[in-house]
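Below is one structure, written out as structure tokens; comments come after it.
Numbering (full-length UniProt numbering), first residue to last: 1 to 332.
Right, here's the structure in full:
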């Protein structure tokens, strides 16, 4: 079992990645981890992979000063939970015109299946990007649901028929709860068998959240037009670029060409949080990166101020509510 990666621009990006049958892990603890970095003019990436029986969790960070295109081809059925945390987004276009494309916006997630990968994967340029890709074996999915994929609705039916599918036919907003679980996987304090159990539990929770969110969205007809969705993505990008000096709701509404109510309600529907909640969560994520950076000389008070908190105690309370531990514990 393997995926072959090719690039028409960079020979260094031509490689083959092998997979064991059923994503098995030989280690006695049932878990294996790898880390590596890659640098090339115009791009730099860091990869942390966690291998557990039936799943591979890849946490990726990097910078791109140009769009990156990779040509993929696999010889096995491919099932993935994909989370674009802070990127412009990614796009997979299959070679077969009859197969569905996968488009995942920044801040969104997707649950996708292909009988085999054969197409082009596009990553758009971004100063700093973070994403998480969780690959699942079909055996793992069937064991999880006792060989009954009915809970996955049409997505499960397509898997049984070996047809390509994206659950819900689009990407969905990453919720604060999903962000918390992804951060817990990345910052897991355990090793060996305990870490295996911890990671497996968080992945199952993430899958439950994905399925319940997508199923609920299918039961509710969205009131947003395609043009409104595009404008709201522009609003989110504008907020991200000016996170330390955010626009007011009135300014955002004027720039986007939406009235205040449609902006606020549409943003919550599309991204699963309010405009203020998005700003707060993004600032706290940045604060946590400062705290985890062993080279950072900033004090907790200085990080609180950078995050928009005049009172460090308010920062501490918000940080603990979001991540479940105190800022000072992030530096231990």
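We treat Cβ as the ideally placed atom computed from N, Cα and C, and that holds for glycine.
If you're wondering where the values come from, they're calculated on a predicted model, not measured in any experiment.
Within-8 Å CB hit, residue 7 to chain C: The structure shown contains no chain C; it holds only a single protein chain.
Of the residues 31, 4 and 9, the one placed nearest residue 18, counting alpha carbons only: Indexing the chain shown from 1 puts residue 18 at position 18. Of the candidates 31, 4 and 9, the one whose C-alpha sits nearest the C-alpha of residue 18 is 4.
Limits of the alpha helix (DSSP H) - the one that residue 292 falls within: Translated into positions along the chain shown, residue 292 becomes position 292. Per DSSP, residue 292 belongs to the alpha helix (DSSP H) from 275 to 292.
Delimiting residues of the alpha helix (DSSP H) encompassing residue 1: As a first step, residue 1 is located in the chain shown; it is residue number 1 there, counting from the start. Residue 1 -> no alpha helix (DSSP H), and no H or E assigned at all.
Mapping the DSSP letters down to three states, classify residue 103 as helix, strand or coil. Mapped onto the chain shown, residue 103 falls at position 103. Residue 103 falls in the strand class under three-state DSSP.
Between residue 141 and residue 79, how many whole angstroms is the CB-CB distance? I'm expecting something under 8 Å. Taking the chain shown and counting its residues from 1, the one referred to as residue 141 is at position 141. Taking the chain shown and counting its residues from 1, the one referred to as residue 79 is at position 79. That pair is a contact at about 6 Å.
Can you check DSSP and say which residues form a bridge with residue 132? In the chain shown, the residue the question calls residue 132 occupies position 132. Residue 132 pairs with 59 and 83.
Since residue 307 and residue 287 are thought to touch, with beta carbons under 8 Å apart, how far apart are those beta carbons, to the nearest angstrom? In the chain shown, residue 307 corresponds to position 307, counting from 1. In the chain shown, residue 287 corresponds to position 287, counting from 1. Indeed they touch by this definition, with Cβ atoms about 5 Å apart.
Using 8 Å as the Cβ pair cut-off and three pairs as the minimum, do the stretch 108 to 119 and the stretch 43 to 56 touch? no
Leaving aside the five residues before and after residue 45 along the sequence, list all residues of the same chain whose C-beta is less than 6 Å from its C-beta, in chain order. Taking the chain shown and counting its residues from 1, the one referred to as residue 45 is at position 45. For residue 45, where only same-chain residues beyond five positions count, the Cβ hits under 6 Å are 38 and 62.
Distance, residue 116 Cα to residue 73 Cα: Translated into positions along the chain shown, residue 73 becomes position 73. Translated into positions along the chain shown, residue 116 becomes position 116. When only Cα atoms are considered, residue 73 and residue 116 end up about 7 Å apart.
Length-filtered (4 minimum) alpha helix (DSSP H) runs lying within the stretch 217 to 278: Annotation note: the stretch 217 to 278 contains the following uninterrupted alpha helix (DSSP H) runs of length 4 or greater, listed N- to C-terminal: 226 to 241, 249 to 256 and 260 to 271.
In the DSSP assignment, find the unbroken alpha helix (DSSP H) run with residue 159 in it and report its ends. Residue 159 sits at position 159 when you count from the first residue of the chain shown. Segment 153 to 160, the alpha helix (DSSP H) holding residue 159.
Examine the Cβ distances between the stretch 20 to 29 and the stretch 175 to 185 and report whether three or more of them are shorter than 8 Å. no
Alpha-carbon spacing of residue 170 relative to residue 144, whole angstroms: On the chain shown, position 170 is the one that residue 170 refers to. On the chain shown, position 144 is the one that residue 144 refers to. If you take the alpha carbons of residue 170 and residue 144, they lie about 24 Å apart.
Element boundaries [alpha helix (DSSP H), containing residue 43]: Locating residue 43 in the chain shown gives position 43, where the first residue counts as 1. Looking at the DSSP string, residue 43 is not in any alpha helix (DSSP H); the run it does join, the beta strand (DSSP E), is 43 to 52.
So if DSSP puts residue 34 in a beta bridge, which residue, or which two residues, is it bridged to? Position 34 of the chain shown, counting from 1, holds the residue named residue 34. In DSSP, residue 34 forms a bridge with 49.
Using the Cα positions of residue 335 and residue 293, report the straight-line distance between them to the nearest angstrom. Since the first residue shown for the chain is 1 and the last is 332, residue 335 is missing from the structure and cannot be characterised.
Going by DSSP, what residue range makes up the alpha helix (DSSP H) through residue 176? As a first step, residue 176 must be located in the chain shown, where it is residue number 176. Segment 176 to 186, the alpha helix (DSSP H) holding residue 176.
Does the distance from the C-beta atom of residue 246 to that of residue 279 stay below 8 Å? Locating residue 246 in the chain shown gives position 246, counting from the first residue. Locating residue 279 in the chain shown gives position 279, counting from the first residue. Yes, these two residues count as a Cβ contact at 8 Å.
Look at the Cβ atom of residue 124, then the Cβ atom of residue 70, and state whether they are nearer than 8 Å. Position 124 of the chain shown, counted from the first residue, corresponds to residue 124. Position 70 of the chain shown, counted from the first residue, corresponds to residue 70. Not in contact: residue 124 and residue 70 (Cβ atoms no closer than 8 Å).
Are there 16 or more other CB atoms within 10 angstroms of the CB of residue 81, so buried, or fewer, so exposed? What you label residue 81 is simply residue 81 of the chain shown in a count that begins at 1. Burial call: buried.
Between which two residues does the beta strand (DSSP E) holding residue 118 run? Here residue 118 refers to the residue found at position 118 when the chain shown is read from its first residue. 118 to 123 is the span of the beta strand (DSSP E), which, as asked, contains residue 118.
Rounding to the nearest angstrom, what Cα-Cα distance links residue 92 and residue 239 in this structure? The sequence position of residue 92 within the chain shown is 92, counting from 1. The sequence position of residue 239 within the chain shown is 239, counting from 1. Between residue 92 and residue 239, the C-alpha separation is close to 26 Å.
Backbone CA spacing between residue 138 and residue 132 [nearest angstrom]: Here residue 138 corresponds to residue number 138 of the chain shown, with the count starting at 1. Here residue 132 corresponds to residue number 132 of the chain shown, with the count starting at 1. Each residue's alpha carbon lies about 19 Å from the other.
Provide the residue span of the alpha helix (DSSP H) that contains residue 301, from first to last. Position 301 of the chain shown, counting from 1, holds the residue named residue 301. In the DSSP annotation of this structure, the continuous segment of the alpha helix (DSSP H) that includes residue 301 starts and ends at 300 to 306.
From which residue to which residue does the beta strand (DSSP E) around residue 163 run? Counted from its first residue, the chain shown places residue 163 at position 163. Here residue 163 belongs to no beta strand (DSSP E), and DSSP marks it neither H nor E.
Which of helix, strand or coil does DSSP assign to residue 322? For the purposes of this step, residue 322 is taken as residue 322 along the chain shown, with counting starting at 1. Three-state result, residue 322: helix.
Given residue 227 as reference, the closest of 126, 146 and 257 once Cα atoms are compared: For the purposes of this step, residue 227 is identified with residue 227 of the chain shown, where counting begins at 1. Comparing Cα positions, the closest option is 257.
Within the continuous alpha helix (DSSP H) that includes residue 142, where are the two ends? Looking up residue 142 in the chain shown gives position 142. From DSSP, the alpha helix (DSSP H) with residue 142 extends over 138 to 144.
Which residues bound the beta strand (DSSP E) around residue 73? Along the chain shown, one-based indexing puts residue 73 at 73. Per DSSP, residue 73 belongs to the beta strand (DSSP E) from 68 to 74.
Cutoff 7 Å; reference residue 320; Cβ partners in own chain excluding five residues on either side: Indexing the chain shown from 1 puts residue 320 at position 320. 326.
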